[in-house]
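In the numbering used here, the protein residues as written are 115 to 619. Here a beta-carbon is modelled for each residue, glycine too, at the ideal position from N, C-alpha and C. None of these values were measured; they are calculated from a predicted model. The structure appears below as structure tokens.
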Amino acid sequence: MLISCAVLLVVTAVASLVQGFIFMPTMDMPNISVSITMPEESTMEEAVELSDEVLQRISQVEGIATAGAMMNSGTGLLGGGAQSSHNVTVYISLEDESASGAAVGKQIEQLCADMPCTVSASSAMMDMSMLTGSGISLNLFAEDMDTLQSAARKAGEVLEGIEGVAEVSNGLEEAAPALHVAVDRNKAMEHGLTVAQVYMELAAGLTADGNVASLELDGISTQVVIQKPEGAVLDAQELRDYVFEVTDKEGNVTEVPLKDFAQMEETTSLTTIDRLNQRRYLTVSASLEEGYNVTLLTDQAQKAIAAADLGDGVSYSFTGENESIMEAMSQLMLMLVLGVLLVYLVMVAQFQSLKSPFIVMFTIPLAFTGGFLALLVCGMEFSVISLIGFVMLTGIIVNNGIVLVDYVNQLRLDGMERRQALVEAGVTRMRPILMTTITTILGLIDMAVRKSAGTSLMQPIAVVCIGGLAYATLMTLYVVPCIYDALNKKELRKVNDEELKLLDL
């Protein structure tokens with residue numbers, strides 16, 4: 115028996131290695147993507163020169179295997195006079211697939227910091243950020259735009275004060291300076307002006323061009339546009355000093371400064387206004403420094419935002435990576451509960467009993483214990499991907515208990531005493547249980563050990579399954595017999611055909 119098991123282990127190990135090195139080659143995919151944003155009004159020739167310079171600097175970084183660039187040229191939606199863009203994306207593969215793509219990306223950004231183009235690198239390795247986003251995200255809601263912008267600035271300052279937060283965006287980066295003019299209707303009426311007249315005159319002074327006519331020639335319609343000369347459009351200072359000419363009933367013309375009946379305040383104006391469920395909102399987001407846990411930092415951010423005074427009428431909701439993870443966790447936990455229930459019902463149908471499947475179900479917490487220990491030993495966090503491994507364990511680990519309990523029941527039906535049947539079943543079924551577990555573990559070793567773009571995402575699943583199978587298999591041979599002996603005190607008796615009597619009623 116020992117010789118056959120040793121031979122089986124050697125053959126399985128060789129097969130696993132062959133599978134890993136021959137049938138599972140490293141996936142040909144980039145480790146890092148570098149985005150190069152060209153300056154405005156740059157030509158294609160200038161973009162190509164800048165891209166070549168970036169590639170030359172990237173080649174100075176150690177550990178880079180290949181680098182390829184792709185230019186995305188295009189024009190605005192209106193075409194014609196719209197400005198063309200010649201941005202470039204560089205895809206980089208590392209020689210050592212286990213190297214940190216984030217560290218290499220930061221090195222590339224530092225090398226290209228003095229260039230006129232903007233260079234930003236991001237790791238292209240498959241990780242949880244590709245599934246759920248990254249960092250902390252906060253949606254702020256308010257009806258008044260000034261209150262909403264003030265709340266966004268305050269929330270951004272709060273997030274910046276949290277240790278582990280790298281960069282914060284308050285959603286106002288694209289906001290443009292504006293001059294807010296509030297007309298007092300009563301004061302304007304005293305000077306013989308209405309709000310509509312004030313608006314129309316100011317709008318005409320702020321407009322650079324306008325359509326004045328439409329010409330049609332041979333069925334083709336052409337709009338005639340008149341553009342004001344340079345300097346004819348009002349600027350901020352001219353708007354403050356603007357004077358209205360008002361003619362009274364007697365025909366006298368008087369000059370009325372705008373500041374006499376209107377209040378002017380410098381503010382900012384958003385280029386776009388976003389709405390969610392008919393409510394105006396701004397998104398404040400924050401990226402995390404390397405090595406910090408998004409769940410822990412989100413918890414700190416929630417407490418800090420709750421303690422901050424964002425203003426009257428402001429509400430908020432967190433929608434970042436942590437919320438996506440928690441939602442996925444809740445769905446997988448529901449799947450786990452349903453999986454346990456379905457496994458139990460299937461075993462009830464097989465054993466024709468409620469007690470025997472209940473004994474087998476004790477292997478599931480043993481498997482979960484082993485999975486958590488494996489994550490602890492390997493230094494991995496409990497994540498959505500690792501939870502998928504626990505769901506898989508639910509259906510895998512019960513096989514050992516089914517094999518053991520079913521054989522014990524067979525021996526007892528044949529007349530063997532309960533404890534003697536448990537010992538006999540443990541000795542007889544230990545070999546197939548160990549063989550099944552070892553072959554499964556060896557098949558998962560390659561996925562658990564290798565660090566590459568193709569296996570990094572699935573690594574927690576393999577670690578959980580290996581730890582759960584190893585721990586639960588060893589404990590099953592001790593725990594399940596003890597539970598069986600404690601719960602099945604009643605002797606089993608097999609009814610033969612001769613004992614059945616046919617009653618002719």
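Reducing DSSP to helix, strand and coil, say where residue i ends up.
{"i": "S173", "result": "coil"}
{"i": "M184", "result": "strand"}
{"i": "S497", "result": "coil"}
{"i": "P371", "result": "strand"}
{"i": "P291", "result": "strand"}
{"i": "D402", "result": "In the sequence under discussion, the amino acid at residue 402 is Leu, which differs from the Asp named in the question. Strand, per DSSP."}
{"i": "K603", "result": "coil"}
{"i": "S467", "result": "coil"}
{"i": "E364", "result": "coil"}
{"i": "D260", "result": "helix"}
{"i": "M378", "result": "strand"}
{"i": "S508", "result": "Note that residue 508 is Thr in the sequence shown here, rather than Ser. Reduced to three states, the DSSP call for T508 is helix."}
{"i": "A296", "result": "strand"}
{"i": "I276", "result": "coil"}
{"i": "Y356", "result": "coil"}
{"i": "M244", "result": "Its pLDDT being 41, under 50, M244 is placed unreliably in this model, and the value from its coordinates should be taken loosely. DSSP places M244 in helix when its eight states are reduced to three."}
{"i": "T433", "result": "coil"}
{"i": "E209", "result": "coil"}
{"i": "L396", "result": "strand"}
{"i": "L329", "result": "strand"}
{"i": "Q197", "result": "The pLDDT assigned to Q197 is 42, lower than 50, so where the model puts this residue is not dependable; a value taken from the coordinates is nonetheless given after this. In this structure, Q197 counts as coil in the three-state DSSP scheme."}
{"i": "A584", "result": "helix"}
{"i": "A227", "result": "coil"}
{"i": "A323", "result": "Before going further, note that residue 323 is Asp rather than Ala in the sequence given. Strand."}
Less than 6 Å separating the Cβ of residue i from some heavy atom of the ligand ADP?
{"i": "I206", "result": "Absent from the structure shown: the ligand ADP. Ligands present: none."}
Buried or exposed for residue i, going by 16 or more other Cβ atoms inside 10 Å?
{"i": "G503", "result": "buried"}
{"i": "H200", "result": "buried"}
{"i": "L556", "result": "buried"}
{"i": "S438", "result": "buried"}
{"i": "T381", "result": "exposed"}
{"i": "G427", "result": "exposed"}
{"i": "C579", "result": "buried"}
{"i": "P343", "result": "exposed"}
{"i": "R533", "result": "exposed"}
{"i": "Y313", "result": "exposed"}
{"i": "C231", "result": "buried"}
{"i": "G188", "result": "Model confidence at G188 stands at a pLDDT of 49, short of 50, so the residue's coordinates are unreliable and nothing is read from them."}
{"i": "M447", "result": "exposed"}
{"i": "M461", "result": "buried"}
{"i": "S470", "result": "buried"}
From which residue to which residue does the beta strand (DSSP E) around residue i run?
{"i": "P343", "result": "Per DSSP, P343 belongs to no beta strand (DSSP E) and is neither H nor E."}
{"i": "I146", "result": "146-151"}
{"i": "Q414", "result": "Note, Q414: premise wrong, no beta strand (DSSP E); alpha helix (DSSP H) at 408-421."}
{"i": "A280", "result": "279-283"}
{"i": "L571", "result": "Neither: L571 is in no beta strand (DSSP E) and is coded neither H nor E."}
Taking 7 Å as the threshold (C-beta atoms), are residue j and residue i in contact?
{"i": "G249", "j": "S149", "result": "no"}
{"i": "Y395", "j": "N300", "result": "no"}
{"i": "E209", "j": "G177", "result": "yes"}
{"i": "V272", "j": "A442", "result": "no"}
{"i": "I473", "j": "V519", "result": "yes"}
{"i": "A179", "j": "S207", "result": "yes"}
{"i": "F255", "j": "S429", "result": "yes"}
{"i": "P574", "j": "S500", "result": "yes"}
{"i": "V279", "j": "G270", "result": "no"}
{"i": "A292", "j": "S165", "result": "no"}
{"i": "V295", "j": "A376", "result": "yes"}
{"i": "I276", "j": "A415", "result": "yes"}
{"i": "G405", "j": "S264", "result": "no"}
{"i": "G540", "j": "V594", "result": "no"}
{"i": "T361", "j": "V367", "result": "yes"}
{"i": "L583", "j": "T554", "result": "yes"}
{"i": "A235", "j": "I146", "result": "yes"}
{"i": "G306", "j": "L348", "result": "no"}
Which residues bound the alpha helix (DSSP H) around residue i?
{"i": "V309", "result": "309-320"}
{"i": "T157", "result": "Taken as a continuous stretch (DSSP letters only), T157 belongs to no alpha helix (DSSP H), as it is neither H nor E."}
{"i": "Y521", "result": "512-527"}
{"i": "R533", "result": "532-563"}
{"i": "I478", "result": "477-492"}
{"i": "N253", "result": "Premise fails: N253 lies in the beta strand (DSSP E), 250-255, not in any alpha helix (DSSP H)."}
{"i": "L390", "result": "From DSSP, L390 is part of no alpha helix (DSSP H) but of the beta strand (DSSP E) over 388-390."}
List the whole-angstrom C-beta distance separating residue i from residue j, where the pair is believed to meet the contact cut-off of C-beta under 8 Å.
{"i": "A586", "j": "G509", "result": "The pair is not a contact, with the Cβ atoms about 13 Å apart (cut-off 8 Å)."}
{"i": "M185", "j": "A217", "result": "With a Cβ gap of about 27 Å, M185 and A217 do not count as contacting."}
{"i": "M561", "j": "L480", "result": "No, M561 and L480 are not in contact; Cβ-Cβ is about 22 Å, not under 8 Å."}
{"i": "V577", "j": "M475", "result": "About 24 Å; that fails the 8 Å criterion."}
{"i": "V512", "j": "V451", "result": "About 15 Å; that fails the 8 Å criterion."}
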